[in-house]
Amino acid sequence: MSPETKENVFILEPVMKPFDKIQLPFLLATIIGGIAAAFSAFLIGIPSFRVRGDYLAIITFGFGEIINVITNNWISLTNGALGLKGIPEYTTLAWAIGWAIFSVFFLWHLTNSEVGRILKSIREDEVAAEATGINVFRWKLFAFTLSGFFIGVGGALFAHYLTTISPQVFTFFLTFNLLIIILIGGLGSIVGSAIAAVLFTFAFEILRGLESGIHIGSFEIPPIPGLRMIIFAVLLIALMIFRPQGIFGDKEVSIK
Numbered sequence: 117m118s119p120e121t122k123e124n125v126f127i128l129e130p131v132m133k134p135f136d137k138i139q140l141p142f143l144l145a146t147i148i149g150g151i152a153a154a155f156s157a158f159l160i161g162i163p164s165f166r167v168r169g170d171y172l173a174i175i176t177f178g179f180g181e182i183i184n185v186i187t188n189n190w191i192s193l194t195n196g197a198l199g200l201k202g203i204p205e206y207t208t209l210a211w212a213i214g215w216a217i218f219s220v221f222f223l224w225h226l227t228n229s230e231v232g233r234i235l236k237s238i239r240e241d242e243v244a245a246e247a248t249g250i251n252v253f254r255w256k257l258f259a260f261t262l263s264g265f266f267i268g269v270g271g272a273l274f275a276h277y278l279t280t281i282s283p284q285v286f287t288f289f290l291t292f293n294l295l296i297i298i299l300i301g302g303l304g305s306i307v308g309s310a311i312a313a314v315l316f317t318f319a320f321e322i323l324r325g326l327e328s329g330i331h332i333g334s335f336e337i338p339p340i341p342g343l344r345m346i347i348f349a350v351l352l353i354a355l356m357i358f359r360p361q362g363i364f365g366d367k368e369v370s371i372k
């Protein structure tokens, strides 16, 4: 955003320095956004990975609420509940596909490296991995921080696609969508998650029409608000019952 746009958007409080004057190229800003998200994930992961299981889930949800409160009240940085408007529309299909391809190839190579084998051993049995000398806490923190980077990049692309963003966008609804994509694709499959994301997005937009109602001649289906989430919730339940490993499971598409 240009300094002039920031002055027009931040009507409650001026932008904190030095962010009032900073204007970076899109690619550099996207990478910095990923690094900032990775650093936040690192700080959150330090206390979070001291616990396991249900307690870990509770802590991460707690941090989500803390971040939501901060973004709503740190007006000089986030503009509070008003959010950021006038963001340049830089995200195109080419940028999205480019980052998606980079992410899939990078994570595919990481998974098939020594680091990937260490992370897989922790996933299968933390106690056994720790018994072999693996620092489970450090490697879990590494994985969490790395995932934070890619989430940050996705957030930057998302913001430059919508051109306006606020704390209200990042709700449990968005988290639920991401969980559905991962579970459909397969918890151990990178390519599976990417394919599931494409299928989910198409299905999500197709079902949007059902929520608005359908008219076919004299036949009419009335609007059904929330129908998409009902269908996806039922799909998720069925998937957990009949194929809990997801469509791909832990399999990847071979490039050999």
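Heads up: the sequence shown is residues 117 to 372, going by the working numbering. Every residue gets a Cβ at the ideal spot worked out from N, C-alpha and C, and that includes glycine.
In the structure shown, the three-state DSSP call for Phe218 is helix. Annotation for Ile148: the continuous alpha helix (DSSP H) segment containing it runs Phe142 to Ser164.
Distance check between Thr187 and each of Gly199, Gly178, Thr176 and Phe177 places Gly199 closest, using alpha-carbon atoms only. Below 8 angstroms, too few C-beta pairs join the segment 148-161 and the segment 213-228 to call them touching: fewer than three. At least 7 angstroms separates the beta-carbon of Gly268 from that of Gly180.
Burial state of Phe335 is exposed, judged by a 10 Å Cβ sphere holding fewer than 16 other Cβ atoms.
When DSSP assignments are scanned along the segment 324-360, the uninterrupted stretches of beta strand (DSSP E) that are 3 or more residues long and fall wholly within it turn out to be 330-332 and 335-337. In terms of CA proximity to Phe165, Lys256 leads the group Phe289, Lys256 and Gly202. Inside the segment 262-333, DSSP marks whole alpha helix (DSSP H) runs of 4 or more residues at positions 288-301 and 306-328, from first to last along the chain. Taken in chain order, the unbroken stretches of alpha helix (DSSP H) that lie wholly in the segment 171-200 and span 4 residues or more are 191-194.
A Cβ-Cβ contact shorter than 7 angstroms links Leu352 with Ile296. In the three-state reduction of the DSSP assignment, Lys133 falls in the coil class. Going by beta carbons, Phe142 and Tyr206 fall inside the 7 angstroms limit.
Ranking Thr261, Leu299, Leu315 and Phe177 by CA distance to the CA of Asp366 puts Leu299 first. With respect to the 7 angstroms criterion, Glu327 and Ile340 are classified as neighbours on the basis of their beta carbons. Comparing alpha carbon positions, the residue from Leu262, Arg168 and Ala145 closest to His276 is Ala145. Where Arg239 is concerned, the enclosing alpha helix (DSSP H) starts and stops at Glu230 to Glu240.
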